[in-house]
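No gaps in the numbering here: position 274 of the sequence shown is 273 in numbering that gives the first Met the number 0, and each next residue is one more.
Let me begin by presenting the structure, written as structure tokens, before commenting on it.
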Amino acid sequence: MIEAEGIWKIFGARAEEALQAIRRDGLTKPQVLEQFDCVVGVADASFKVRRGEIFCVMGLSGSGKSTLVRHINRLLTPTAGRMIVNGQDIMALGEAQLLDVRNRQIAMVFQDFGLMPHRSVRDNVAMPLEIRGQPQNRRWAAAQDALAMVELSQWGDKYAHELSGGMQQRVGLARAIAADADVLLMDEPFSALDPLIRRQLQDEFSKLASMMNKTTVFITHDLDEAARIGDRIAIMRDGIIVQTGTPEDIIMKPADSYVSDFVAGISRINLIRAHSLITPMEQFVAEGGKVPADAVQMDEDATLKDMIDTATHRDGPIIVATRQGNTLGIVTKNDLLRGVIQGTEAS
0 MIEAEGIWKI FGARAEEALQ AIRRDGLTKP QVLEQFDCVV GVADASFKVR RGEIFCVMGL
60 SGSGKSTLVR HINRLLTPTA GRMIVNGQDI MALGEAQLLD VRNRQIAMVF QDFGLMPHRS
120 VRDNVAMPLE IRGQPQNRRW AAAQDALAMV ELSQWGDKYA HELSGGMQQR VGLARAIAAD
180 ADVLLMDEPF SALDPLIRRQ LQDEFSKLAS MMNKTTVFIT HDLDEAARIG DRIAIMRDGI
240 IVQTGTPEDI IMKPADSYVS DFVAGISRIN LIRAHSLITP MEQFVAEGGK VPADAVQMDE
300 DATLKDMIDT ATHRDGPIIV ATRQGNTLGI VTKNDLLRGV IQGTEAS
């Protein structure tokens, strides 16, 4: 659905000159600033987002995540590179075409809610449809349906100042739903909320995204949030995508010490799967292991939590099999302990 190819964004009057020097001489970000008075926001970033996927882009402040994502709807134009959305080269679109894509194909949910204070909740939600020129009865019906999805059916006639922060964020999400865009861009939408409300909205958004099959690019600085809702995660540092993978991939096989620091404090129990912890059956038997006749069998995608729950009620190893029933290997209690403490020996 989305494909970024070699995106560079350099801010400054000498951006093109700076890019040539980076490619020719391998200049670092501080050297570019010193020699050209330019700031490298994104450096040669490439990624693909599958249709219906929640793709999280995360990193610390200043890592380039928001800059990168703003190229998807061309709020920023890259210094170099291509951005393809649903088969269209976004950089090749004229102004009218671009406005149409932003209005019909790509919706954005902001951290600061972005609600119009003089408009009712219903009018805020219906605004994208109003821009398209749809009649009031149709856009209000769509707005009411969207408000029902975020459990705000009774709040359509209220104004933003009458709603809590969490409710205002739901209105922003409802507006994106009402727009019925193929792509959702979400820029740290829950970061300003209290932890409990934040978790609730994360869960609700995951359910809605799955139900609507929307392609979502979700910006966050919080790995717990990314792992909770993301199908895949791209971690950025200094404008560079350091690693891309599933939450399990990143936790089990961090690409470098920067990623390792990110994952050090995250709970692994719901992220690590059985297939990552198995000991091959041949190795287990060769080392003197025995598999009891009544050994429990679990699916390769069973979580570490599921396996620990099972192991507390059963002695002996767990047989791990594919969905087709083919045995992949064994998970012992030592393997489970290893998963809890360190993920894998390599990490």
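C-beta atoms are modelled at their ideal positions from N, C-alpha and C, and glycine is treated no differently.
The three-state secondary structure of ASP237, taken from DSSP, is coil. From the listed residues ASN269, LEU270, ILE250 and ILE268, the smallest Cα separation to PHE261 is found for ILE250.
The shortest C-alpha to C-alpha distance from LYS252 to any of ILE271, ALA3 and ILE239 is the one to ILE271.
PRO127 is not a Cβ neighbour of ALA159, given a cutoff of 8 Å. Secondary structure of LYS47 (DSSP, three-state): strand. At a Cβ-Cβ threshold of 8 Å, PHE54 and ASP230 count as neighbours. By the 16-neighbour rule on beta-carbons within 10 angstroms, ASP186 is buried. By the beta-carbon neighbour count (other beta carbons within 10 angstroms, threshold 16), HIS70 is buried. Around the CB of VAL258, 16 or more other CB atoms lie within 10 Å, so the residue is classed as buried.
Within the segment 216-274, complete beta strand (DSSP E) segments of at least 3 residues are found at 231-236 and 239-244, given in chain order. Scanning its chain for C-beta atoms nearer than 8 Å, with the 5 sequence neighbours on each side dropped, one finds around LEU335 the residues LEU276, LEU303, MET306, ILE307 and ALA310, in chain order. At least 8 Å separates the beta-carbon of LEU67 from that of ALA91.
Assignment of PHE10 by DSSP, reduced to helix, strand and coil, places it in the strand class.
Note on geometry: alpha-carbon atoms of THR326 and THR245 lie some 24 Å from one another. Following the DSSP letters along the chain, one finds GLY171 inside the alpha helix (DSSP H) bounded by residues 164-178. Sequence-distant Cβ neighbours of ARG121 in its own chain, meaning closer than 8 Å and more than five residues away, are TRP139, ALA142, GLN143, LEU146, GLY155 and ASP156.
For ARG322, the closest C-alpha among the options MET297, LYS332, LEU98 and ASN333 is that of MET297. Listed in chain order, the non-local C-beta contacts of ILE89 below 6 Å within the same chain comprise ARG73 and MET82, local neighbours out to five positions each way being set aside. Minimum Cα-Cα distance from ARG103 among the listed residues ILE130, ARG50 and ARG236 corresponds to ILE130. Rounded to whole angstroms, the Cβ separation of ILE268 and VAL319 is 17 Å, and the two are not in contact under 8 Å. Assignment of ALA301 by DSSP, reduced to helix, strand and coil, places it in the coil class.
Within 10 angstroms of the beta-carbon of GLU150 lie fewer than 16 other beta-carbons, which makes it exposed.
The Cβ atoms of GLY63 and GLY40 sit closer than 8 Å to each other. Between ALA208 and PHE217, the alpha-carbon positions lie close to 11 Å from each other. Per DSSP, ILE196 is one residue of the alpha helix (DSSP H) stretching across 194-211. In this structure, the alpha-carbon of GLY5 lies about 11 Å from that of ILE239. DSSP, read as helix, strand or coil, puts MET148 in helix.
Exposure of ASN333 is indicated by the presence of fewer than 16 other C-beta atoms within 10 angstroms of its C-beta. The continuous alpha helix (DSSP H) containing LEU97 extends over residues 94-103.
Residue burial is scored here from C-beta neighbours: GLU52 has at least 16 other C-beta atoms within 10 angstroms and is therefore classed as buried.
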